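Asker:
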Amino acid sequence: MPPMSEPAHPADNVAPAPVTVIVPARNEVPVLDYCLQGVRSQDHEPLRMIVVDDASTDATAELAQRHAHDDPRITVTSSGGPPPGWNGKTHAMHVGVQARGAGEPGEWLLFLDADTEPAPQLVTRLLATATELDADLVSTPGGPPPGASLVWWLLMPPGTQLICENAAPDGRSRKAFAIGHCILVRRAYFDKVGGWTPLAAVGNEDVALATAVRDAGGRTRTVRSVDTLTSHGMDPFGRGWVSFRKSFSVGTQGSVPLLTGAGVAHLAFGLTPPVALIAGSRSRQPWLVVAGLVAWGAQGLAHTRAAQAMGAPARSGPAAPVSWVLVGGLFLDAAHRVRRGAMQWKGRPLGTVGRGGGVRRQHRG
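Going letter by letter, the sequence shown gives residues 24 to 388 in our numbering.
1. Measure the beta-carbon distance from T251 to A142 and round it to whole angstroms, keeping in mind my assumption that it falls under 8 Å.
2. With respect to the beta strand (DSSP E) encompassing M72, which residues constitute its N-terminal and C-terminal limits?
3. DSSP on P301, reduced to helix/strand/coil?
4. In whole angstroms, what separates the C-alpha of V348 from that of G370?
5. Which of the three DSSP states, helix, strand or coil, is assigned to T100?
6. Going along the chain, which residues of its own chain have a beta-carbon closer than 6 Å to the beta-carbon of G380, five neighbours each way excluded?
7. Touching or not, the segment 115-133 and the segment 39-59, by the rule of three or more beta carbon pairs under 8 Å?
8. Could you tell me which residues DSSP puts in a beta bridge with F134?
9. Taking its Cβ as the centre, do 16 or more other Cβ atoms sit within 10 Å of W176, making it buried, or is it exposed?
10. I'd like to confirm the pairing. Which residues does DSSP put opposite V161 in its beta bridges?
11. Taking 7 Å as the limit between beta carbons, can you name the residues of its chain near D157, skipping five residues before and five after?
12. Please indicate yes or no: does the CB of A329 lie closer than 6 Å to some heavy atom of the ligand FMN?
13. Quick one: what does DSSP say T147 is sitting in, helix, strand or coil?
14. Whose C-beta lies closer than 7 Å to the C-beta of K198 among residues of the same chain, with five residues either side of it excluded?
15. Using the rule of at least 16 other Cβ atoms within 10 Å of the residue's Cβ for burial, across every protein chain shown, is E85 buried or exposed?
16. I'd like to know if the segment 337-344 and the segment 353-372 are in contact, where contact means that at least 3 CB-CB pairs between them fall below 8 Å.
17. Mapping DSSP to helix, strand and coil, what is L173?
18. Could you check what DSSP says for T183 in three-state terms: helix, strand or coil?
19. With a cut-off of 8 Å on the beta carbons, I'd call A122 and I73 a contact; round off their distance for me.
20. Work out the CA separation of F213 and F200 for me, nearest whole Å.
21. Whose C-alpha, out of D159, R210, P164, T83, is nearest the C-alpha of M24?
22. Name, in chain order, the residues that DSSP records as bridge partners for S28.
23. Quick one: grab the DSSP three-state call for W368.
And the structure:
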């Protein structure tokens with residue numbers, strides 16, 4: 024995963040590209056201030072912002088309106104919740120695009136989660152990255168906040184490895200990788216693939232959008248940006264656990280057999296190095312000790328590389344077996360909840376996961 028590009032110095036006769044930032048927000052009072060203050064501080068112009076209140080039950084809409092009162096670039100609208108056939112966040116982003124209207128030549132759309140905190144150069148550097156890499160869609164994971172929870176140490180690295188097995192940051196795999204909390208996409212390509220409408224009920228809308236843009240002839244890239252975007256969405260630990268559980272459920276289309284099998288396999292994968300070490304030491308079989316050390320080292324190296332890519336602590340590498348055991352537990356927890364029909368996300372049933380697995384298209388908000 025390459026680093027984000029530094030800001031370029033545009034030619035005097037080239038007008039800066041217009042950017043519309045769309046922030047879907049549902050019950051985000053604890054973090055929305057960070058996000059909107061960061062967006063308002065961007066050093067790029069022209070810039071406009073659309074905040075979509077996704078039927079929040081707290082004061083999210085009121086907080087957004089206060090920012091709009093202070094900054095005329097901000098528009099606040101409401102989604103009213105998703106209609107049948109739509110997932111909540113996807114519908115909220117769709118409403119934001121509709122509120123923007125037809126757009127203008129050269130426009131870019133930036134979809135930014137409400138629990139992120141952008142640095143002033145985020146938009147400028149995203150555009151510079153798109154120019155340098157000749158990309159039509161650029162995504163970035165950002166980095167952890169100060170005092171981040173153990174999610175960044177233990178779940179983020181293996182979670183990244185699992186995602187990248189099926190979706191490539193450079194778009195050259197079966198699927199193109201993107202991270203939903205920060206996606207910059209060229210408006211022309213967004214419209215070309217039909218916007219969010221074809222992805223209405225898709226749970227992993229970020230990967231689906233990147234793949235659609237790639238398949239339509241566009242170029243997609245996911246890049247590192249620890250110093251330009253902070254993600255508050257994985258803290259505390261319980262919130263990060265729920266987020267990964269949702270991702271794993273969607274990634275398997277709610278298949279209980281797949282979730283259960285993956286859970287058992289990853290538990291075994293994580294336990295193999297320490298069990299081999301202990302068994303080899305007790306039975307005085309040096310080859311088993313060596314095998315355990317090699318397996319532990321290989322897991323730790325992969326863990327460290329993934330941690331560096333996501334801005335997580337690289338020194339968490341030795342804890343790789345613990346991470347994989349936790350991942351196994353995540354899969355089993357997801358299987359249990361899908362079997363009970365209890366899989367939810369932000370207080371709503373997860374639209375792509377039905378009881379007993381499979382895809383359920385209806386989703387009420």
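Glycine included, each C-beta is placed from N, C-alpha and C at the ideal position. This structure is a prediction, so every number in the text was calculated from the model and none was measured.
Answerer: Looking at the coordinates:
1. Numbered from its first residue, the sequence shown carries residue 251 at position 228. Numbered from its first residue, the sequence shown carries residue 142 at position 119. 5 Å between Cβ atoms; contact.
2. Counting from 1 along the sequence shown, the entry for residue 72 is found at position 49. For M72, the uninterrupted beta strand (DSSP E) segment begins and ends at 70-76.
3. Mapped onto the sequence shown, residue 301 falls at position 278. Going by the sequence as given, residue 301 is Ile instead of Pro. Helix at I301.
4. For the purposes of this step, residue 348 is identified with residue 325 of the sequence shown, where counting begins at 1. For the purposes of this step, residue 370 is identified with residue 347 of the sequence shown, where counting begins at 1. Each residue's CA atom was taken as its position, placing V348 and G370 some 27 Å apart.
5. Numbered from 1 along the sequence shown, position 77 holds the residue referred to as residue 100. DSSP, read as helix, strand or coil, puts T100 in strand.
6. Here residue 380 refers to the residue found at position 357 of the sequence shown. Unreliable placement is indicated for G380, whose pLDDT of 37 sits below 50; the coordinate value is still reported in the next sentence. Closer than 6 Å at the Cβ level, and outside the excluded window around G380, lie G277, S278, V279.
7. Judged by Cβ distances under 8 Å, the segment 115-133 makes contact with the segment 39-59, as three or more pairs qualify.
8. Taking the first residue of the sequence shown as 1, we reach residue 134 at position 111. Within the DSSP bridge table, the entry for F134 names I45, I206 as partners.
9. As a position in the sequence shown, residue 176 is number 153, starting the count at 1. Buried is the label assigned to W176, since at least 16 other Cβ atoms lie within 10 Å of its Cβ.
10. The residue labelled residue 161 in the question sits at position 138 within the sequence shown. Per DSSP, the beta-bridge partners of V161 are L207, R244.
11. Within the sequence shown, residue 157 is the residue found at index 134, counting from 1. Here D157 has R242 as same chain residues with Cβ atoms under 7 Å from its own Cβ, once five neighbours each way along the sequence are excluded.
12. Within the structure as shown, the ligand FMN is missing, as the structure has no ligands at all.
13. Mapped onto the sequence shown, residue 147 falls at position 124. Three-state DSSP puts T147 in a helix.
14. The residue you call residue 198 lines up with position 175 of the sequence shown. The residues are N189, A190, V230, T234.
15. On the sequence shown, position 62 is the one that residue 85 refers to. Its Cβ having fewer than 16 others within 10 Å, E85 is exposed.
16. The segment 337-344 is not in contact with the segment 353-372.
17. The count along the sequence shown starts at 1 and reaches residue 173 at position 150. Looking at L173 - three-state DSSP - the assignment turns out to be coil, as it is neither helix nor strand.
18. Within the sequence shown, the letter at position 160 stands for residue 183. DSSP places T183 within a helical segment (H, G or I) once states are collapsed to three.
19. To locate residue 122, count along the sequence shown from 1; it is residue 99. To locate residue 73, count along the sequence shown from 1; it is residue 50. Indeed, because the Cβ distance is near 5 Å, the residues count as touching under 8 Å.
20. Translated into the one-based positions of the sequence shown, residue 200 becomes position 177. Translated into the one-based positions of the sequence shown, residue 213 becomes position 190. Spanning the two alpha carbons is a distance of roughly 16 Å.
21. One-based indexing of the sequence shown puts residue 24 at position 1. Per the Cα distances, P164.
22. Here residue 28 corresponds to residue number 5 of the sequence shown, with the count starting at 1. Paired residues: none, contrary to the question.
23. As a working note, residue 368 is residue 345 in the sequence shown. Look at W368 here: in three-state DSSP terms it is strand.
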